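> Numbering (UniProt numbering), first residue to last: 1 to 85. Can you read through this structure? Questions will come right after.
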């Protein structure tokens with residue numbers, strides 16, 4: 001399969017310099033880079049949840065207010081949003 005990639009001049013220059021220094025073709029280097037990136041990303045199956053898992057559920061819900069007026073507002077908001085606890 002043929003894929004065309006547009007590189008900014010500075011990235012194109014870097015690729016040409018590395019290819020020349022290593023004695024390899026630019027296409028060969030790009031294929032290697034894509035392969036290594038795909039392997040690294042597929043092996044790194046961490047999700048946003050797994051990254052923060054130790055933080056989730058660490059706390060508890062705040063206690064209901066003791067002030068009668070605040071308690072009344074708290075109960076209305078809890079009922080409105082169907083919250084338990």
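Note that beta-carbon positions come from the ideal geometry of N, C-alpha and C, so glycine has one too. On a predicted model such as this, the values are computed, not experimentally measured, just so you know.
1) Assign residue 28 to one of three DSSP states: helix, strand, or coil.
2) Look up residue 17 in the DSSP assignment and say whether it is helix, strand or coil.
3) Where residue 45 and residue 76 are concerned, what is the direct C-alpha to C-alpha distance, given to the nearest angstrom?
4) Considering only the beta carbon of each residue, do residue 19 and residue 26 sit closer than 7 angstroms?
5) Pull up the distance between the alpha-carbon of residue 59 and that of residue 70, whole angstroms please.
6) If we ignore side chains and look at the alpha-carbon of each, how far apart do residue 11 and residue 73 end up?
For this structure:
1) helix
2) DSSP places residue 17 in helix when its eight states are reduced to three.
3) Using only the alpha carbons, I get a separation of about 42 angstroms.
4) yes
5) 22 angstroms
6) Taking C-alpha positions only, residue 11 is separated from residue 73 by approximately 59 angstroms.
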